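Numbering (the working numbering), first residue to last: 102 to 254.
Heads up, the beta-carbon is just placed ideally off N, CA and C, and yes, glycines get one too.
Here the structure is a predicted model, which is why all the values come from computation and not from measurement.
What follows is a single structure, written as structure tokens, with notes after it.
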């Protein structure tokens with residue numbers, strides 16, 4: 102399964118980037134929809150800021166997954182076992198924390214979003230939590246599709 106995943110066309114740079122951008126775009130529209138229900142009408146700058154943040158989360162998640170495959174996957178017997186998935190969580194958490202905190206600060210600096218006195222620590226922790234909440238369903242979907250494709254072969 103690992104060889105099939107790494108040689109899959111969906112993991113190539115162009116298709117992977119397109120997939121992550123579309124995930125981020127869908128997430129951006131969902132977040133903006135929630136914000137429109139909760140708050141007042143939003144400026145287009147918020148759309149760009151949220152799109153920047155969601156792109157960062159999805160791309161850093163993909164990068165942390167690739168980093169795990171390049172380093173840790175060779176140390177585990179089955180990279181699709183439960184223990185292997187548990188060993189991915191720190192990679193997801195750190196990747197999400199770095200992505201969310203740094204991109205939120207960049208978006209604030211560029212005037213795309215407004216952050217009122219939130220510490221960097223809280224941005225990092227929330228980014229890590231968000232990344233884990235993003236990666237768990239994505240990995241479940243990926244695992245199920247790989248199982249179906251491997252059984253077909």
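- Do residue 198 and residue 164 have their CB atoms nearer than 9 Å? no
- Message: With a threshold of 8 Å, are at least 3 pairs of Cβ atoms found where one atom belongs to the segment 205-217 and the other to the segment 173-185?
- Response: no
- Query: Quick one, are the C-beta atoms of residue 190 and residue 233 less than 9 Å apart?
  - Reply: yes
- Message: Can you check which of these residues, 157, 167, 113 and 142, is closest to residue 255 by C-alpha distance?
- Response: The chain is shown from 102 up to 254; residue 255 falls before or after that span and cannot be answered.
- Task: Taking all protein chains shown into account, decide if residue 211 is buried (16 or more other Cβ within 10 angstroms of its Cβ) or exposed.
- Result: exposed
- Among 209, 249, 251 and 202, nearest to residue 231 - alpha-carbon criterion: 202
- Query: By the 10 Å Cβ neighbour count, where 16 or more other Cβ atoms means buried, how is residue 162 classified, buried or exposed?
  - Reply: buried
- Query: On the three-state DSSP scale, how would you describe residue 188?
  - Reply: helix
- Message: For residue 160 and residue 127, I'd like the C-alpha separation in whole angstroms.
- Response: 14 Å
- Look at the alpha carbon of residue 243 and the alpha carbon of residue 115, and state the distance between them as a whole number of angstroms. 18 Å
- Query: Whose C-alpha, out of 250, 113, 194 and 249, is nearest the C-alpha of residue 226?
  - Reply: 194
- Within the segment 124-204, note down every full beta strand (DSSP E) run reaching 3 residues or more, in order along the chain. none
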